[in-house]
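Quick note: the sequence shown uses my numbering, first residue 37, plus one each step.
Built from N, CA and C at the ideal position, the CB exists for glycine as well.
To start, the structure itself, in C-alpha cells.
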Amino acid sequence: MLISSKINNGLHGCVNIPGDKSISHRSIIIPSISKGISEISNLLMSDDVLHTINAMKAMGVKINTFEDKIIIHGNGLNSLKKPLKDIYLGNSGTGARLLTGLLSAQNFKSALIGDESLSSRPIKRITTPIELMGGKFEYNNGTLPLHIFGKELKPISYKIPIPSSQVKSGIILAALNTKGQTTINETSITRDHTEIMLKSFGANIKIKKESDMNSIFINGKQELTSKNIYVPCDLSSSSFFIVAAMINKNSNLKLQNININPTRDGILHALKLMGGNITISNQRLINDEIIGDIEVQSSHLKGCELNEDMSKLMIDEYPILSVAASFAKTPSLFKGLKELKVKESDRLELIRFNLNQCGITCEVLNDNLFIDPRKKNKIKNNKIKTSFDHRIAMAFAIMGSKLDHDLQISNSNCINTSFPNFIKSFNKIGGNLIE
Ligand code: S3P
37 MLISSKINNG
47 LHGCVNIPGD
57 KSISHRSIII
67 PSISKGISEI
77 SNLLMSDDVL
87 HTINAMKAMG
97 VKINTFEDKI
107 IIHGNGLNSL
117 KKPLKDIYLG
127 NSGTGARLLT
137 GLLSAQNFKS
147 ALIGDESLSS
157 RPIKRITTPI
167 ELMGGKFEYN
177 NGTLPLHIFG
187 KELKPISYKI
197 PIPSSQVKSG
207 IILAALNTKG
217 QTTINETSIT
227 RDHTEIMLKS
237 FGANIKIKKE
247 SDMNSIFING
257 KQELTSKNIY
267 VPCDLSSSSF
277 FIVAAMINKN
287 SNLKLQNINI
297 NPTRDGILHA
307 LKLMGGNITI
317 SNQRLINDEI
327 IGDIEVQSSH
337 LKGCELNEDM
347 SKLMIDEYPI
357 LSVAASFAKT
367 PSLFKGLKEL
377 KVKESDRLEL
387 IRFNLNQCGI
397 TCEVLNDNLF
407 IDPRKKNKIK
417 NNKIKTSFDH
427 RIAMAFAIMG
437 SKLDHDLQIS
447 NSNCINTSFP
457 NFIKSFNKIG
467 GNLIE
C-alpha cells in the first residue's frame, strides 16, 4: 500500500522520466525480427516491457541486458522458434495484441497468458482481422488464454472499427510476414510508433493520410535491417508530474527528452486549454520521433470540454487529467470515453468512484465524464481502489498531494507496470509518498 500526503512547499527540479512504454515494446519486437544487431538505450525496464523481452527470449532471440542499454541479435522475419511453454505477459495489453499479430504468421503453435486484468480484456479486436487473413486461434469468451496456431497468412484490406494502435500494430506485424499487400484503413488517429520504427528498419510500408482516413499499405516478406534506437521519455508518465506541478502552488518542474508525437500529445493540448502553465522547447527528431523539453509551473486551471476525437490522442491520460479537473475553477466534461472501460481496469468507473471517495462531484453519463470541482465535499473514505491499475494508482498518488487527508492507495505495486521509480522520483522533487 502507498500513503500519499499533502505537500506544502511545491515541487521543484528536474524529473527523470523513464523510456516510453509503447516505443519500448516495439524496440524489442522489431529488432528481434530484423537482421543484425540493434542497441537499444533508455529502454523502459518495467514489468510490462520485461515480459516482452522474456517472450522474445523464449522464442530463441539472443538479448543481452546491460545497465545502460540492451543488445538484440535479430535473425530475420522467420527466425523465431516455438516457445517451450505458454508466454506469460502479466498486465500488458500492448504485449498481448502485438504478439498475437506477430505469432499468428509464424510456423509454430504458441499460447499467450496473462494476469487477472489482462485475462479479462478483449482479444477479439485483434483475432478477428487476423482470422480474415486465415489465422487460427482458440480462446474462451474472447479473452486470454489464447492459443495461436501460427501459419502462412494471406493479405487483407481491413477497416479498423475501434480506434486502437494495438490492433493496427498487431495487424501490421502479421502482414510483415505475409506475401502480398495488406491495407489497413483507420478513421481515427492512433499512435503511429510502429509505422515510424518499421520505416526506419527498411520495411515496405507506405502511409496515405487523407482528411477522413489514414491508410497503411504493407508489402510483406521484406526482411528488416537492424538499427540502434534511443527510446524517448514517456509523455504518459510525464503527465503525472505535469499535473502535480500545475495543481500545487510554488512549483516549477523540468522534464527533458519527452516524446511529443502528435498522434498522442492530447494531454498537452487539454492542459493548455485549461490554462496550464507549460512550455515546450528544444524540439527535435530522434529516430524520427519528435522529442521536446517541457517546463511546467503552478497554474490557475479552469475546466474544459473535450470531444470524442480528443480521446484518441490521450486515452491513457484521463485518470490524471481528471485529477487536474478536480482542482480547476469550473467544471469539465470529457466525452466519448468508451475505450476507458477496457483498459487495465474499467478506468471510467474507477475515476468516478475514487473522485467521489475524495469528495469531488463526478458523474459518468453515456461514456462521458463530468467533474464539478466547485463544491468540495468532505472526503468520504481515504481508501483508493486501484484494481491493480498503474495509472489509477499514480493519478491518485498525485491527488493525495493536494488533500488534507492522507490517501491510502491499494495494490500500489502495480505502478511497476510502467514507472518503477515513480515514488522515488516524486519524493525527490518534494512529494510526500510512503510505501
Ligand atoms: C498502446 C496503445 C493504446 C494505449 C496503450 C498502449 C500501444 O491502446 O492505451 O497503453 O502501445 O499501442 P489502444 O491503441 O488499444 O487504445
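Problem set entry | Where the alpha helix (DSSP H) containing ASN90 begins and where it ends | Translated into positions along the sequence shown, residue 90 becomes position 54. Residues 83 to 94.
Problem set entry | Alpha carbon of ALA132 to alpha carbon of ASN45, nearest angstrom | As a working note, residue 132 is residue 96 in the sequence shown. As a working note, residue 45 is residue 9 in the sequence shown. Rounded to the nearest angstrom, the two C-alpha atoms are 42 Å apart.
For this session: Check whether the Cβ of GLY96 lies closer than 9 Å to any Cβ atom in chain C.
Result: In the structure shown, chain C cannot be found, because there is only a single protein chain.
Problem set entry | Those residues which DSSP pairs with THR315 across a bridge | Walking along the sequence shown from the start, residue 315 turns up at place 279. BP columns for THR315 point to GLU331.
For this session: Give me the Cβ distance between LEU271 and ASP301, rounded to the nearest whole Å; I'm assuming they're in contact under 8 Å.
Result: Indexing the sequence shown from 1 puts residue 271 at position 235. Indexing the sequence shown from 1 puts residue 301 at position 265. The pair is a contact, with the Cβ atoms about 6 Å apart (cut-off 8 Å).
Problem set entry | Burial state of GLY186, where buried means 16 or more other Cβ atoms lie within 10 Å | Translated into the one-based positions of the sequence shown, residue 186 becomes position 150. Per the 10 Å Cβ criterion, buried.
Exercise. From what residue to what residue does the beta strand (DSSP E) around ASP408 run?
Worked result: Along the sequence shown, one-based indexing puts residue 408 at 372. Looking at the DSSP string, the run of the beta strand (DSSP E) that includes ASP408 is 404 to 408.
Exercise. Which stretch, first to last residue, makes up the beta strand (DSSP E) that contains HIS183?
Worked result: Within the sequence shown, residue 183 is the residue found at index 147, counting from 1. 179 to 185 is the extent of the beta strand (DSSP E) around HIS183.
Problem set entry | Which of helix, strand or coil DSSP assigns to SER251 | Here residue 251 refers to the residue found at position 215 when the sequence shown is read from its first residue. SER251 falls in the strand class under three-state DSSP.
For this session: Under 8 Å by Cβ, that's how I've got SER335 and GLY311 pegged, so tell me the actual separation to the nearest angstrom.
Result: Translated into the one-based positions of the sequence shown, residue 335 becomes position 299. Translated into the one-based positions of the sequence shown, residue 311 becomes position 275. Yes, they are in contact, since the Cβ atoms of SER335 and GLY311 sit about 6 Å apart, within 8 Å.
For this session: Please state if the CB of VAL267 and the CB of LEU47 are separated by a distance shorter than 9 Å.
Result: As a position in the sequence shown, residue 47 is number 11, starting the count at 1. As a position in the sequence shown, residue 267 is number 231, starting the count at 1. Result no, Cβ atoms of LEU47 and VAL267 do not sit closer than 9 Å.
For this session: Quick one: grab the DSSP three-state call for ARG320.
Result: To locate residue 320, count along the sequence shown from 1; it is residue 284. Strand at ARG320.
For this session: Compute every distance between the C-beta of GLU375 and the non-hydrogen atoms of ligand 1, then say whether any falls below 8 Å.
Result: Within the sequence shown, residue 375 is the residue found at index 339, counting from 1. Yes, the Cβ of GLU375 comes within 8 Å of a heavy atom of ligand 1.
For this session: Quick one: residues in its chain with C-beta nearer than 8 Å to the C-beta of GLU231, no 5 flanking neighbours on either side, listed in chain order?
Result: Along the sequence shown, one-based indexing puts residue 231 at 195. Result list for GLU231: ILE208, ILE241, ILE243, ILE252, in chain order.
Problem set entry | Outcome for ILE470 when other beta-carbon atoms lying within 10 angstroms are tallied against a minimum of 16 | Translated into positions along the sequence shown, residue 470 becomes position 434. With fewer than 16 neighbouring CB atoms inside 10 Å of its own CB, ILE470 falls in the exposed class.
For this session: Quick one: measure Cβ to Cβ for MET282 and ALA360, integer angstroms, because I've assumed they're closer than 8 Å.
Result: Here the question's residue 282 lines up with position 246 in the sequence shown. Here the question's residue 360 lines up with position 324 in the sequence shown. Indeed, because the Cβ distance is near 6 Å, the residues count as touching under 8 Å.
For this session: Using 8 Å as the cut-off, classify the Cβ of SER201 as near or not near the heavy atoms of ligand 1, replying yes or no.
Result: The count along the sequence shown starts at 1 and reaches residue 201 at position 165. The answer is yes for SER201.
Problem set entry | Reference LEU337; option with closest CA among ASN318, ASN313, TYR354 | For the purposes of this step, residue 337 is taken as the residue at position 301 of the sequence shown. Of ASN318, ASN313, TYR354, the smallest CA-CA separation from LEU337 is found for ASN313.
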